[in-house]
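Trainee:
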Amino acid sequence: NAGVTQTPKFQVLKTGQSMTLQCAQDMNHEYMSWYRQDPGMGLRLIHYSVGAGITDQGEVPNGYNVSRSTTEDFPLRLLSAAPSQTSVYFCASSYALGGGGEQYFGPGTRLTVT
Amino acid sequence: EDQVTQSPEALRLQEGESSSLNCSYTVSGLRGLFWYRQDPGKGPEFLFTLYSAGEEKEKERLKATLTKKESFLHITAPKPEDSATYLCAVRSYNNNDMRFGAGTRLTVKP
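Chains as they are written, first to last, in this note's numbering: chain A, 16 to 129; chain B, 268 to 377.
#1: Kindly indicate the opening and closing residues of the beta strand (DSSP E) around Lys330(B).
#2: Please identify, using Cβ separations under 7 Å, the residues of the segment 43 to 56 of chain A that lie next to chain B, in order along the chain.
#3: Could you tell me which chain C residues have their CB closer than 7 Å to the CB of Thr343(B), listed as they occur along the chain?
#4: For the structure I just gave you, are there three or more beta carbon pairs, one from the segment 289 to 304 of chain B and one from the segment 349 to 358 of chain B, closer than 8 Å?
#5: Measure the Cβ-Cβ separation of Phe339(B) and Ser287(B) and say whether it is below 8 Å.
#6: Please report the residue range of the beta strand (DSSP E) in which Glu325(B) lies.
#7: With a 10 Å radius around its C-beta and 16 neighbouring C-beta atoms as the bar for buried, classify Ile69(A) as buried or exposed.
#8: To the nearest angstrom, how far is it from the Cα of Asp349(B) to the Cα of Glu276(B)?
#9: Excluding the 5 residues preceding and the 5 following Thr130(A) in the sequence, name in chain order all residues of the same chain whose CB lies nearer than 6 Å to its CB.
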């Protein structure tokens with residue numbers, strides 16, 4: 016099992032550009048989520064999905080879009096990049112929302128917006 | 268609103284010097300409290316889930332405990348390889364959000 020994979024590992028964007036961060040998992044997990052991690056602020060939830068075709072907003076959803084067409088993939092779209100979106104982005108997955116809550120995290124994407 | 272506060276922000280220990288990390292939380296209806304370890308440049312790695320006050324879990328040199336207001340991660344006789352940032356998170360029954368604390372950066376010197 017590859018677990019949770021994320022691409023790209025690093026990305027530099029100019030203000031106003033759009034891009035998609037890719038996330039895939041091969042563990043047949045229903046629950047997937049996107050977080051951003053900023054110094055001193057911990058991980059903050061952007062969007063999450065409890066299954067294919069179902070998504071919902073987390074704590075900091077503005078400026079981001081998601082969709083979940085398959086169980087395996089959960090891409091995160093930046094619509095018009097802003098310097099405030101410079102961060103490290105992590106995708107995570109787990110069997111279910113409740114229960115053990117053991118989330119498996121990907122290696123992260125370091126995004127810089129200039 | 269669910270909140271998680273971790274202390275201290277950073278902790279430096281000598282190898283073998285035991286200590287504890289604190290996670291204080293406020294949540295309306297705790298579904299679970301989680302501890303993760305994060306190494307530099309990597310994603311968080313799951314350590315423990317605690318569900319109710321009085322519960323304890325252990326893994327090697329780590330022991331996590333839970334009360335109604337806080338959780339402790341006790342590190343017994345730490346080794347340099349225990350150096351990492353330790354994250355605490357909570358999930359409530361009222362929403363699907365998982366709230367993380369800012370973490371405690373632990374350094375263990377040989």
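Glycine included, every Cβ here is placed at the ideal spot set by N, Cα and C.
Mentor: Short version:
#1: Numbered from 1 along the second sequence, position 63 holds the residue referred to as residue 330(B). Segment 329 to 333, the beta strand (DSSP E) holding Lys330(B).
#2: Gly55, Met56
#3: The structure shown contains no chain C; the protein chains it does contain are A and B.
#4: yes
#5: As a working note, residue 339(B) is residue 72 in the second sequence. As a working note, residue 287(B) is residue 20 in the second sequence. Yes.
#6: Position 58 of the second sequence, counted from the start, is the residue given in the question as residue 325(B). For Glu325(B), the uninterrupted beta strand (DSSP E) segment begins and ends at 323 to 326.
#7: The count along the first sequence starts at 1 and reaches residue 69(A) at position 54. Burial is judged here by how many other beta carbons sit within 10 angstroms of a residue's own beta carbon; Ile69(A) has fewer than 16 and is exposed.
#8: Within the second sequence, the letter at position 82 stands for residue 349(B). Within the second sequence, the letter at position 9 stands for residue 276(B). Approximately 16 Å, taken between the alpha carbons.
#9: Since the displayed chain A opens at 16 and closes at 129, residue 130(A) lies outside it and no answer follows.
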